[in-house]
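J.: The listed protein sequences derive, respectively, from chains W and Y.
Once you know that position 220 of the first sequence is 219 in numbering that gives the first Met the number 0, the rest is easy, because the numbers rise by one and skip nothing.
Once you know that position 79 of the second sequence is 78 in numbering that gives the first Met the number 0, the rest is easy, because the numbers rise by one and skip nothing.
All C-beta atoms in this analysis are idealised placements derived from N, C-alpha and C, irrespective of residue type, glycine included.
Since the structure is predicted, the reported quantities are computational estimates derived from the model, not experimental observations.
Below is the structure I would like to discuss, written out as structure tokens.
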Amino acid sequence: MIRNLWNDLNGTFFPESALDYMPVDRLREVQLQRLKAVTALVYDHVPLIRERMTAKGVQAADVRRLEDVRLLPFTSKLDLRDTYPYGLFAVPMSEVVRLHASSGTTGKPIVVGYTTEDMEVWRQVIMRTLYAAGYGRGDVVQNMFGYGLFTGGLGLHGGLEAMGATVIPMSGGHSERQILVMKDFGVTAVCCTPSYFVHLLEVAGRLGVDFKRDLKVRRGVFGAEPWTEQMRQYIEITSGIKAYDIYGLSEIVGPGVASECLCQSGLHVFEDHFLIEIVDPANLAPVPDGVEGELVITTLSKQAIPLIRYRTRDLTAIETRPCACGRTLRRIRRISRRSDDMFIIRGVNVYPSQIETALLKTEANLPHYQIVLTRRSGLDQMEVRVEVTGEMLRDRLSEMEDLQQRLAHSIEQITGLHTEVTLVQPGTIPRSEGKAQRLLDKRNEGK
Amino acid sequence: MKIHQISVFLENRPGRLAGLCQTLAEAGVNLSTLTLAETGGFGLLRLITAEPDKTKEVIERAGYAATTTEVVALQVPDRPGGLASVLRVLEPHGLSVEYMYAFAMRKGGDAVMVFRFDNMDRALTVLQAAGINVFKPVELFGA
Numbered sequence: 000m001i002r003n004l005w006n007d008l009n010g011t012f013f014p015e016s017a018l019d020y021m022p023v024d025r026l027r028e029v030q031l032q033r034l035k036a037v038t039a040l041v042y043d044h045v046p047l048i049r050e051r052m053t054a055k056g057v058q059a060a061d062v063r064r065l066e067d068v069r070l071l072p073f074t075s076k077l078d079l080r081d082t083y084p085y086g087l088f089a090v091p092m093s094e095v096v097r098l099h100a101s102s103g104t105t106g107k108p109i110v111v112g113y114t115t116e117d118m119e120v121w122r123q124v125i126m127r128t129l130y131a132a133g134y135g136r137g138d139v140v141q142n143m144f145g146y147g148l149f150t151g152g153l154g155l156h157g158g159l160e161a162m163g164a165t166v167i168p169m170s171g172g173h174s175e176r177q178i179l180v181m182k183d184f185g186v187t188a189v190c191c192t193p194s195y196f197v198h199l200l201e202v203a204g205r206l207g208v209d210f211k212r213d214l215k216v217r218r219g220v221f222g223a224e225p226w227t228e229q230m231r232q233y234i235e236i237t238s239g240i241k242a243y244d245i246y247g248l249s250e251i252v253g254p255g256v257a258s259e260c261l262c263q264s265g266l267h268v269f270e271d272h273f274l275i276e277i278v279d280p281a282n283l284a285p286v287p288d289g290v291e292g293e294l295v296i297t298t299l300s301k302q303a304i305p306l307i308r309y310r311t312r313d314l315t316a317i318e319t320r321p322c323a324c325g326r327t328l329r330r331i332r333r334i335s336r337r338s339d340d341m342f343i344i345r346g347v348n349v350y351p352s353q354i355e356t357a358l359l360k361t362e363a364n365l366p367h368y369q370i371v372l373t374r375r376s377g378l379d380q381m382e383v384r385v386e387v388t389g390e391m392l393r394d395r396l397s398e399m400e401d402l403q404q405r406l407a408h409s410i411e412q413i414t415g416l417h418t419e420v421t422l423v424q425p426g427t428i429p430r431s432e433g434k435a436q437r438l439l440d441k442r443n444e445g446k
Numbered sequence: 000m001k002i003h004q005i006s007v008f009l010e011n012r013p014g015r016l017a018g019l020c021q022t023l024a025e026a027g028v029n030l031s032t033l034t035l036a037e038t039g040g041f042g043l044l045r046l047i048t049a050e051p052d053k054t055k056e057v058i059e060r061a062g063y064a065a066t067t068t069e070v071v072a073l074q075v076p077d078r079p080g081g082l083a084s085v086l087r088v089l090e091p092h093g094l095s096v097e098y099m100y101a102f103a104m105r106k107g108g109d110a111v112m113v114f115r116f117d118n119m120d121r122a123l124t125v126l127q128a129a130g131i132n133v134f135k136p137v138e139l140f141g142a
């Protein structure tokens with residue numbers, strides 16, 4: 000137990016991480032105490048939640064045990080939109096020292112705020128995230144998450160600086176310059192979205208920079224979008240770095256909600272600050288540990304915008320076995336899909352991650368791709384556009400057509416849907432500097 | 000003597016070919032000959048230049064997918080039956096042509112054609128044994 004408080008990699012003691020190993024009884028006590036406090040806070044200061052609690056006949060004092068969280072009403076992204084911008088804030092604006100906003104894919108963004116205390120908690124959970132992934136003082140970290148309204152860039156920045164790492168605040172984009180900096184500044188660790196990193200591998204290859212030979216990068220934390228285990232393997236094999244999954248969402252705090260440790264087998268939730276439940280998205284009933292459902296989070300310490308039973312739309316399951324690292328924080332399984340991302344085509348449920356898995360079955364190096372949905376004569380069509388890389392290119396048309404068919408077949412095997420695969424030139428699918436836009440739904444355009 | 004051909008993946012869309020040619024022009028790459036093979040949605044542009052490595056680098060830096068293939072440039076008599084006389088040499092050996100196209104220039108009054116065979120090494124042996132002139136790069140592009 001004590002040994003675990005020392006970072007195995009560089010033998011440094013990180014007091015912040017001690018909380019990761021709290022005895023479970025004590026952890027549940029802390030959670031209950033904080034749950035009571037946050038329930039009282041929203042009841043007293045957030046009219047919408049008070050109305051809902053009143054409608055359900057629940058008062059703050061009814062929360063006596065942790066399970067009583069189920070008595071409380073759910074909150075959703077819609078509530079944040081409906082009360083835009085500050086409707087769910089529980090403190091006066093004079094207490095708010097930072098605002099961030101999440102890019103809504105439709106309509107208005109949602110706005111979140113932080114008090115001074117919230118900022119400190121955020122830095123703490125980010126530090127715990129980074130220590131868990133082996134980061135420490137002495138690391139030169141290239142942070143390529145977007146700086147600005149997005150929580151990714153500044154969120155990681157705060158934790159990195161607080162832990163004493165050297166931060167290079169690159170933000171996303173300017174990929175050739177990213178590679179140059181990585182090389183010249185002796186970068187040892189990176190932070191960005193997994194899809195952007197895959198793009199950087201492409202750019203490095205084009206510039207003749209060999210990740211393993213020419214760069215000192217050894218680890219990376221990746222998040223802000225769902226990714227698959229196959230993609231991790233691709234990243235690790237191609238670049239020679241260790242890739243860790245981190246999880247967070249702006250509504251809850253930004254990055255720093257859950258993260259992988261060196262064991263890479265699920266993400267430890269910082270349970271002293273976030274109370275998790277897994278529910279069946281159809282009827283919102285709790286599901287047993289180990290069963291997949293929608294992740295619901297109650298913020299236990301947030302002051303500016305505490306959220307009760309927030310429906311994340313992310314699908315995961317609670318890991319039942321203890322982790323080899325010794326952390327007592329429970330783990331959630333890697334989130335490879337969101338219920339929001341799912342699309343229904345001709346009555347079949349499809350997740351973009353299935354397409355990714357299918358492509359990786361045929362092509363070891365994940366090509367850049369985009370799923371395009373259209374409607375022809377009232378019938379939904381799925382087209383997958385795949386960028387041809389130099390490695391995929393063959394000098395014979397027949398071989399290229401064969402590749403096209405193998406990709407389509409692989410997708411059909413996994414999704415059960417006949418799919419048209421279109422081979423396109425490299426760089427023609429728009430690159431996002433943040434989250435990859437894998438899905439283009441044009442079914443409701445035009446007719 | 001084999002020469003290096005660069006094949007580039009192009010989508011069948013207006014302006015794609017022009018864009019690539021512009022890239023090559025800006026890099027000062029002179030095209031000795033080229034051919035476009037296409038299917039429904041995409042095509043392969045095959046190019047021969049004096050500096051294949053540089054050409055490939057220029058093309059890849061501009062963001063295109065490209066690959067190198069070995070081909071041979073043969074002297075084909077410029078008279079009726081000229082091409083047939085070359086192809087007949089291969090027939091008894093079961094060698095077949097995957098594709099071929101002509102050079103814009105001529106050598107000694109004869110045509111120069113680029114060939115890709117299913118078995119390049121065997122084809123070369125057979126052709127040379129039959130006395131067909133296989134051009135060296137220096138003969139095509141100068142020193």
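Would you kindly work out how many angstroms separate the C-alpha atoms of THR421/W and GLU386/W, rounded to a whole number?
T.: Approximately 8 Å, taken between the alpha carbons.
J.: Would ALA36/Y count as contacting chain W if we go by Cβ distances under 7 Å?
T.: yes
J.: How would you call HIS417/W, buried or exposed, if buried means at least 16 neighbouring beta carbons within 10 angstroms?
T.: exposed
J.: Spell out whether any CB of chain Y is found under 7 Å from the CB atom of GLN424/W.
T.: Yes, because at least one Cβ of chain Y sits closer than 7 Å to the Cβ of GLN424/W.
J.: Roughly how many angstroms separate the alpha carbons of ASP52/Y and VAL349/W, rounded to a whole number?
T.: Each residue's alpha carbon lies about 43 Å from the other.
J.: Less than 7 Å between the beta carbons of SER95/Y and ASP394/W, yes or no?
T.: No, these two residues do not count as a Cβ contact at 7 Å.
J.: Would THR54/Y be called buried (16 or more neighbouring beta carbons within 10 Å of its own) or exposed?
T.: buried
J.: Rounded to whole angstroms, what's the CA-CA distance from ARG308/W to ARG333/W? Just pull it up for me.
T.: If I take the Cα positions, the gap works out to 20 Å.
J.: Are VAL268/W and ASP279/W touching if we call contact CB-CB under 7 Å?
T.: Not a contact, by the Cβ cut-off of 7 Å.
J.: How big is the Cα-Cα spacing for PRO168/W and GLY152/W?
T.: Cα to Cα, PRO168/W sits roughly 8 Å from GLY152/W.
J.: Exposed or buried, which one is GLN127/Y when buried takes at least 16 other CB atoms within 10 Å?
T.: Its Cβ having fewer than 16 others within 10 Å, GLN127/Y is exposed.
J.: Can you tell me where the beta strand (DSSP E) holding MET118/W begins and where it ends?
T.: Judged by DSSP secondary structure, MET118/W falls outside any beta strand (DSSP E) and instead within the alpha helix (DSSP H) spanning 115-131.
J.: Which ranges does the beta strand (DSSP E) cover as unbroken runs of at least 3 residues, wholly within the stretch 59-109 of chain W, from first to last along the chain?
T.: 95-101
J.: By Cβ distance below 8 Å, which residues in the same chain neighbour MET230/W in space, the five residues on each side in sequence not counted?
T.: PRO193, VAL197, GLU355, LEU359 and LEU365
J.: Name the DSSP bridge partner or partners of CYS190/W?
T.: ASN142/W and VAL220/W
J.: Identify every residue that forms a DSSP beta bridge with ASP379/W.
T.: ARG374/W
J.: Is GLU25/Y close to chain W, meaning its C-beta is less than 7 Å from at least one C-beta of that chain?
T.: Under the Cβ distance rule, GLU25/Y does not count among the residues neighbouring chain W, no pair being separated by less than 7 Å.
J.: Just checking: is the beta-carbon of PHE114/Y within a distance shorter than 7 Å of some beta-carbon in chain W?
T.: no
J.: With 7 Å as the C-beta to C-beta threshold (strictly closer), list the residues of the stretch 42-69 of chain Y near chain W in chain order.
T.: LEU43, GLU59, ARG60, GLY62, TYR63, ALA64, ALA65, THR66 and THR68
J.: Counting contacts by CB-CB distance shorter than 7 Å, is ASP237/W in contact with chain Y?
T.: Here residue 237/W turns out to be Thr, not Asp, going by the sequence shown. It does not: the Cβ of THR237/W has no partner Cβ on chain Y nearer than 7 Å.
J.: Can you find a CB in chain W that lies within less than 7 Å of the CB of SER6/Y?
T.: The beta carbon of SER6/Y sits closer than 7 Å to some beta carbon of chain W.
J.: Thinking C-alpha only, which one of THR38/W, SER174/W, MET126/W and LEU206/W is nearest LEU18/W?
T.: MET126/W
J.: Just to confirm, are GLY265/W and GLU318/W a CB contact at a threshold of 7 Å?
T.: In contact: GLY265/W and GLU318/W (Cβ atoms closer than 7 Å).
J.: Are there three or more Cβ pairs, one per stretch, closer than 8 Å when the stretch 404-412 of chain W is compared with the stretch 87-102 of chain Y?
T.: no
J.: Whose C-alpha, out of THR124/Y, ALA36/Y and VAL113/Y, is nearest the C-alpha of LEU4/Y?
T.: It is worth fixing the name first, because residue 4/Y is Gln in this sequence and not Leu. If we check each option's Cα against that of GLN4/Y, VAL113/Y comes out closest.
J.: Listing by chain order, which chain Y residues have their CB less than 8 Å from the CB of THR421/W?
T.: Chain Y residues near THR421/W: GLY40.
J.: For chain Y, check one thing: does any of its Cβ atoms lie closer than 7 Å to the Cβ of VAL387/W?
T.: yes
J.: Which of helix, strand or coil does DSSP assign to LEU448/W?
T.: With chain W covering only 0 through 446, there is no way to say anything about residue 448/W.
J.: Is any beta-carbon of chain Y found at less than 7 Å from that of LEU358/W?
T.: no
J.: Would you mind reading off the limits of the alpha helix (DSSP H) that contains MET162/W?
T.: 150-162
J.: Near GLU390/W, what residues of its chain come up, given a Cβ to Cβ distance below 8 Å and the 5 sequence neighbours on each side ignored?
T.: ASN364
J.: What's the call for GLU50/W, buried or exposed, on a 16-neighbour Cβ count within 10 Å?
T.: Residue environment analysis places GLU50/W among the exposed positions, since fewer than 16 neighbouring C-beta atoms fall within 10 angstroms of its C-beta.
J.: Run through chain Y and tell me which residues come within less than 9 Å of MET399/W, C-beta to C-beta.
T.: PHE8, THR38, PHE41 and LEU43
J.: Between which two residues does the alpha helix (DSSP H) harbouring GLN127/Y extend?
T.: Residues 119-128.
J.: Here's a check: name, in chain order, each residue in its chain whose Cβ is nearer than 6 Å to the Cβ of THR128/W, leaving out the five neighbours to either side.
T.: ILE245, GLY255 and SER258
J.: Would GLY112/W pass as a contact of PHE144/W if the rule is Cβ separation under 7 Å?
T.: no
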